[in-house]
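Step one of this worksheet: look at the structure below.
Protein chains: 4
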Amino acid sequence: MSEDEATPASRQPVALVPRCTDREYEADALAERRAFIEAHTGAHLAHVGAYSIPSRAMRGNIENALGAVQVPLGAAGPLLVRGEHAAGTFYVPMATTEGALVRSYERGMVALTRSGGASARLFLDENRVAPIFTFASLESATSFTRRLPEWLPALRAQAESTTHHGRLLHVDPFLLGRRVIVSFSYATGDASGMNMIVKATDRACRWLASQCDAQGYQVFSGHSSEKRASGVLLAGGKGKKVCAAARLPRGTVRAVLGALPEDIAAVCQNSVLGHLQAGALGFNAHLANGLTAIYIACGQDVANVANACVGITQIEVVEGDLEASVTLPSLTLATVGGGTALGTAGECLAMLGCLGAGQAPRLAEIVAAALLAGELSMAAAIASGDFVLAHETYGRNPPPAQRS
Amino acid sequence: MSEDEATPASRQPVALVPRCTDREYEADALAERRAFIEAHTGAHLAHVGAYSIPSRAMRGNIENALGAVQVPLGAAGPLLVRGEHAAGTFYVPMATTEGALVRSYERGMVALTRSGGASARLFLDENRVAPIFTFASLESATSFTRRLPEWLPALRAQAESTTHHGRLLHVDPFLLGRRVIVSFSYATGDASGMNMIVKATDRACRWLASQCDAQGYQVFSGHSSEKRASGVLLAGGKGKKVCAAARLPRGTVRAVLGALPEDIAAVCQNSVLGHLQAGALGFNAHLANGLTAIYIACGQDVANVANACVGITQIEVVEGDLEASVTLPSLTLATVGGGTALGTAGECLAMLGCLGAGQAPRLAEIVAAALLAGELSMAAAIASGDFVLAHETYGRNPPPAQRS
Amino acid sequence: MSEDEATPASRQPVALVPRCTDREYEADALAERRAFIEAHTGAHLAHVGAYSIPSRAMRGNIENALGAVQVPLGAAGPLLVRGEHAAGTFYVPMATTEGALVRSYERGMVALTRSGGASARLFLDENRVAPIFTFASLESATSFTRRLPEWLPALRAQAESTTHHGRLLHVDPFLLGRRVIVSFSYATGDASGMNMIVKATDRACRWLASQCDAQGYQVFSGHSSEKRASGVLLAGGKGKKVCAAARLPRGTVRAVLGALPEDIAAVCQNSVLGHLQAGALGFNAHLANGLTAIYIACGQDVANVANACVGITQIEVVEGDLEASVTLPSLTLATVGGGTALGTAGECLAMLGCLGAGQAPRLAEIVAAALLAGELSMAAAIASGDFVLAHETYGRNPPPAQRS
Amino acid sequence: MSEDEATPASRQPVALVPRCTDREYEADALAERRAFIEAHTGAHLAHVGAYSIPSRAMRGNIENALGAVQVPLGAAGPLLVRGEHAAGTFYVPMATTEGALVRSYERGMVALTRSGGASARLFLDENRVAPIFTFASLESATSFTRRLPEWLPALRAQAESTTHHGRLLHVDPFLLGRRVIVSFSYATGDASGMNMIVKATDRACRWLASQCDAQGYQVFSGHSSEKRASGVLLAGGKGKKVCAAARLPRGTVRAVLGALPEDIAAVCQNSVLGHLQAGALGFNAHLANGLTAIYIACGQDVANVANACVGITQIEVVEGDLEASVTLPSLTLATVGGGTALGTAGECLAMLGCLGAGQAPRLAEIVAAALLAGELSMAAAIASGDFVLAHETYGRNPPPAQRS
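Chains as they are written, first to last, in numbering that gives the first Met the number 0: chain A, 0 to 403; chain B, 0 to 403; chain C, 0 to 403; chain D, 0 to 403.
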């Protein structure tokens, strides 16, 4: 570390958040850390300390744990879903601080339910990691690319040796000069499965590197678009591809959504121009709003909103009725693992009958139907000019006196 | 509602979540709704009901309130920031259920702090709404577009008549055949300000429509890219444009991040290829991860992750050291309004000294520096091969026995 | 060149195409080069040698000149244009080898002309170069960015000292960590002007570098998107922003285009989905086809098709009629300089009354109207199912016996 | 046509370009049309009439033929290519009016040749059409999507019944609510094949529509990105995927390209930022320039530049040398059909030994190597500051006196 000597800052003591080794997730360790933060920052962490979920259960989900934040939870519904995995009427948990959001989604859900419900179909279900290999030359990279199909069985054996749940479905190479990106696609069951498939892919790559003349590989190339928006997500690959659709009778649209089908469809036509002019990926009204609220409620990896909200909404008039759909090509979801079982998350998943193994496809169909409701409600609010009014009514905080 | 008669589903009674009018935000109303949900879904909402923030304070943030969800909170730091608005050492609140995330950001923060801290600069601060006007002809649309500059003072007066805080900075037309998208850009102070500027813009548009021969306008065209990713965000416009940067001495990089500068920079080079091949917007390792965790902790509008995580990370070797930066062109942030004052959110903002009026620029600089830490730590983990190991160590949930 | 000694290939004699110094553009020099190529490749260059344009006139347009290629030229029209710069009926020269293309554009032009013509409006006219400056730190880069407005007059003086025709309109900085892209926007008159504005910008940058602590600059950053497609082009900047639009009566649509307005509009609706799914920039049927044919005919810089064909087509039904427009935000065009005066190019520009100074705005309006015709015709052909038939009829080469 | 009666313009006589039925491609018909155009426009079409290619041979390539335009042709080389289909030294025909372009590509070719040549590899070769099917409901669309694999053999039989040369390789569905885009991928031999595969796909779709409950289909959805830029092209599909790469010794780089490897690589690093900031597709210096010049020379469908120039260039320093590659994922090329055999085009293809059946893979490798040369030369010109100077030297037109 002699290079550091010229850098005085590096010798200054750095006050780490207390580790409390061996009792990291005990309540008193959390208290000790809160005290440390309060001492260093002047903040008072009373609410943060008022968590009800057992602190030991946080292991694997957080480090340097202080407690928990509380996000207001509302329920939107009823939402009648006619899926292959989800069939019935649901009340959807949404955690948000954006006033009017729950009311808006509820309105769309009532419109769908009165129209006979939303169909939902899960079409593709795979998650991807895309390592990149470097070779000395284009010739070597080409030869590797051409041999890849014959290595698939061995790759599958290597990858699946690290996991009980993940299955390697296919590998797809993208030759780029002397480099090759190899996209590994997996079935991951009910888990989001990123850690699982990264580990499996790393194992497979280590084997692969031993079979060829690669100079090296890097397990992430960025191509799989985990936690970011990209065009490739539109073709599916980061989780579940699911659609929801419905036909809403003209009278229901007018009565519940307060606008004519033609006007709602015109909103979408105009918005296509805005999306094109902006260079947007996909097309939608506000998929991210509902998705984020459900993700926070249900203990999902919320940062996946960045990739999962890339989708395509369609709203059109058919024989005077309103025909609408959402397509979510890369919806990341889990009903096991991650934060899914933790306290309130488990309760919210239970509200949807989606807690535990085997429930991820059901959750995907419900989410798609819920987001369809939000798209309809937003488009109708723009069409009718209600948008500003609704936010005036529901988006107002109480006077400070009531907020303590 | 006579059109509905042909649609039997629409006559079925729909069981709405209890409104509890006049006592919507009283604790017993929340309890009544929980009971309703429990009765309809079979879920048990004990943790959801164990909130500590006063239910009355939720008004304006949620409808059909049931209680609150709890998200584990950790603190990462110390993070030395050398900004114009934020100068000092910070501990950053992060709410997540993704194991290893807080530890990874902490490592990056330590590396930055030992390197003398991260510089941060706020460069642009405006929020946008982009209505679209329709005309009978290209001729009318062109004439409107050309006259727009002369209307600016009146538009400003109209827009600002609806708000104490927002200021209309400029309007920019995009002519598209017989339609014109007009992007309104505002300074919104310390609030995220979407509701404020939509209301102001709607007022201005109503006036504008009275001055010209527009057939109509729609207050949202989608061009402003609220809650979605698009190319136009890279030029700024959805909130704050902020950069953080640092030069990390070679020895510190090696000691704290466990990899050589050259190897970390090579990770980024390879990842550019993955981003290009995927058609990604911007370039980054995992900006969405840290941003989401801070957003949830600090009561932000979390769905803004969809737009705010579009950014550009640069990591390169300069004279043997590591030079790194993040540029966040459209970072949405608030220190007043929305969910910022609610219980845990207020406490988390207080941890950063960022609660209340005048603090949004400071928060922006801290967030940029924190995300820079995460980019460095992730790139180093990929370079060193630590990524899989770290997730094995920190991403493991406890056995079920400990989780109840 | 001693490093080369280890590389035997580098010592092999390399047979350059004959320079014929001092008589490079004389007919006998071209003949000598053709003989050289014939000797080295076995090709027979009779048609290449059968050019009628004076070889001396090729100076400044080509090096290692052999002669000229011949591209079949057709005329499509009549096209009635109602622009501000172009008003009247035109016959548009199109050079192509794609059978059915001229006939298809002609059909659209007849439909427009019978409908009273196409409106056309030029809205923005500027060309850009975007150098990138590198600094030692984010602090320096920020300070540079903030001072840029005060340097504008001096930059203008520097830039305009190198040209009689270009005027520097504005400069726009994009801060990216310790680098700053500065987009220079110019009015370039009737020339495409790239060489002119690169030279002017280089001069201005040299001066700028002397005023600040930049480590260096690079005159091209790629941001201006010369000769490539990018989202930023949609907001204008690579030449002229021009729209053409028309309302076609229902009967004319049916009679001339052979399809109903509703069916043509539906083709566009479906195609929006294809564009979204593909991650396309802009939206159009085949702008590149007509644009390329006109560019080749008129001696334009044909490679600009890559940027100029990024545009947005709208086709919709209004009161039973068909309302259509094209918006070309970055149309590069010239009526002086480059290849515009060379033999056939000058003749083709003369067909449009667009040869020489002052004619570029007129050419832009005609081109936009012509491309609108092609969009309508293609959409109608898809709607009616004619597409395959038309290509069977017009896209068939004669039997080989007739082709010598 | 009674609807037209209210539209006086539609009754005006429209003067079509003379058809000259039964002698459309005879020399006197072309002369008659030139006379018509001269009479209507005042242009003098002497050079246009001075074509040497037989007018009868233009059938299938142009309608309303007037003659031909002449584009100056130069040769760049020598270019040593080490491909699987192209091995040897080539002189590349380039038709352009952009001064300095041929000289610049020539410089890159000399650098490659002195470095032992450019490797080239063809990796994928398929062309696509993507029709879109509409169904009454999501349920029907899903069921169609799931059954598609079983229909493949029948689809192949239908499609291939219309062509001797095209082979249907695979079909890939993209479900979007109640619509399904089906991408048909074909091998098209040495033709560009668009007309061929559209016809085949139309036949297959007609059969498919008879097997399912589709409401209809449209043969183009825009997804295949013919003649436009889109992200999906990066994964291949519009023709040939081909890479060229080379390692240039440090000394050769310095001697021939006039810049140090480090400086050339730095140009690319900076340019990545410009591309990201612009929201560009792919990454390159000026692929479109060389591609367009070769396309015009060789009788290609030049409008394909819009899709074919989406590619990725890599330039980096390896052990002091310069390592460079270009990847062209969707390169459209033909050596038979279209304009390939017409007069000068056939001669230019013959210069490369690429005229006729079986030569398209060879042409693809040569084109990739040629474009690599141009990327290197441009990056070097930026690095050394030569760019402005080169255009001063080669981009100057002669005084008007010499241009008649």
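Each residue gets a CB set at the ideal place from its N, CA and C atoms; glycine is no exception. Since the model is a prediction, treat every value here as computed from it, not as a measurement.
Counted within 10 angstroms of its Cβ, other Cβ atoms place residue i as buried (16 or more) or exposed
| i | result |
| --- | --- |
| Leu151(B) | exposed |
| Pro148(B) | exposed |
| Gly357(A) | exposed |
| Ser1(A) | Any reading at Ser1(A) needs caution, since the residue's pLDDT is 37, under 50, leaving its predicted position unreliable; the model's value is listed next. Classification for Ser1(A): exposed. |
| Arg177(A) | buried |
| Arg146(D) | exposed |
| Asp262(D) | buried |
| Asp300(D) | buried |
| Thr96(C) | buried |
Inter-residue Cα distance where the pair is residue i and residue j
| i | j | result |
| --- | --- | --- |
| Ala244(B) | Ser376(B) | 14 Å |
| Leu290(C) | Leu370(C) | 7 Å |
| Leu332(D) | Leu174(D) | 31 Å |
| Gln401(B) | Gly338(A) | Summary for Gln401(B): the model assigns pLDDT 47, below 50, so the residue's position carries little reliability; its value from the coordinates is reported in the next sentence. Near 14 Å, if we compare the C-alpha coordinates of Gly338(A) and Gln401(B). |
| Leu168(C) | Glu159(C) | 11 Å |
| Gly115(D) | Arg81(D) | 9 Å |
| Tyr90(A) | Leu362(A) | 12 Å |
| Thr40(C) | Thr343(D) | 15 Å |
| Gly221(C) | Tyr393(C) | 40 Å |
| Ala86(B) | Met108(B) | 15 Å |
| Thr144(C) | Phe134(C) | 11 Å |
| Asp385(B) | Ser103(B) | 11 Å |
| Arg55(D) | Gly250(C) | 37 Å |
| Ala367(A) | Asp171(B) | 35 Å |
Distance CB(residue i)-CB(residue j) smaller than 9 Å
| i | j | result |
| --- | --- | --- |
| Glu225(A) | Thr187(A) | no |
| Thr200(D) | Val128(D) | yes |
| Asn306(A) | Ser229(A) | yes |
| Arg227(C) | Asn283(D) | yes |
| Ser139(A) | Ala213(A) | yes |
| Val293(B) | Val70(B) | In the sequence on display, residue 293(B) carries Ile and not Val. Cβ distance not < 9 Å, so Ile293(B) and Val70(B) don't count as in contact. |
| Ile131(B) | Ile52(B) | no |
| Thr312(A) | Val325(A) | yes |
Handout entry: Contained alpha helix (DSSP H) runs [length at least 4] in the stretch 224-280 of chain A, N- to C-terminal order
Key = Listed in chain order, they are 260-277.
Exercise for the section: Taking only runs that begin and end inside the stretch 179-229 of chain A, name each unbroken beta strand (DSSP E) of 3 or more residues, in chain order. Expected result: As far as the stretch 179-229 of chain A is concerned, its whole beta strand (DSSP E) runs of at least 3 residues are 215-217.
Handout entry: chain D contacts made by the stretch 59-91 of chain C, where a contact means CB separation under 7 Å
Key = Within the stretch 59-91 of chain C, the residues whose Cβ lies closer than 7 Å to some Cβ of chain D are Gly59, Asn60, Ile61, Glu62, Asn63, Ala64, Leu65, Gly66, Ala67, Val68, Gln69, Val70, Pro71, Leu72, Gly73, Ala74, Ala75, Gly76, Pro77, Tyr90, listed in chain order.
Practice task
Give, in chain order, every residue of the stretch 304-328 of chain A whose Cβ lies closer than 8 Å to some Cβ of chain C.
Solution key: Hits within the stretch, in order: Ile311, Gln313, Glu315.
Exercise for the section: Return the chain-ordered ranges of every beta strand (DSSP E) run that is complete within the stretch 317-388 of chain B and spans a minimum of 3 residues. Expected result: Those beta strand (DSSP E) runs which fall completely within the stretch 317-388 of chain B and span 3+ residues are 320-330.
Exercise for the section: Report the residue ranges of all alpha helix (DSSP H) runs contained in full by the stretch 18-46 of chain C; include only those spanning at least 4 residues, in chain order. Expected result: Counting whole runs of 4 or more residues, the stretch 18-46 of chain C contains the alpha helix (DSSP H) stretches 26-40.
Problem - Length-filtered (4 minimum) alpha helix (DSSP H) runs lying within the stretch 95-126 of chain C - result: If we require 4 residues or more, the alpha helix (DSSP H) runs fully inside the stretch 95-126 of chain C come out as 100-113.
Exercise for the section: Could you name each continuous alpha helix (DSSP H) segment of 4 residues or more that falls completely within the stretch 134-161 of chain B, going from the start of the chain to the end? Expected result: Runs of the alpha helix (DSSP H) inside the stretch 134-161 of chain B: 137-159.
Practice task
Select from the stretch 279-298 of chain D all residues with a C-beta closer than 8 Å to any C-beta belonging to chain B, and list them in chain order.
Solution key: Residues Leu280, Gly281, Phe282.
Exercise for the section: Output, in sequence order along the chain, the residues in the stretch 261-275 of chain D whose CB is closer than 9 Å to any CB in chain C. Expected result: Those residues of the stretch 261-275 of chain D that come within reach of chain C (Cβ to Cβ, closer than 9 Å) are Ala265, Val266, Asn269, Ser270, Val271, Leu272, Gly273, His274, Leu275.
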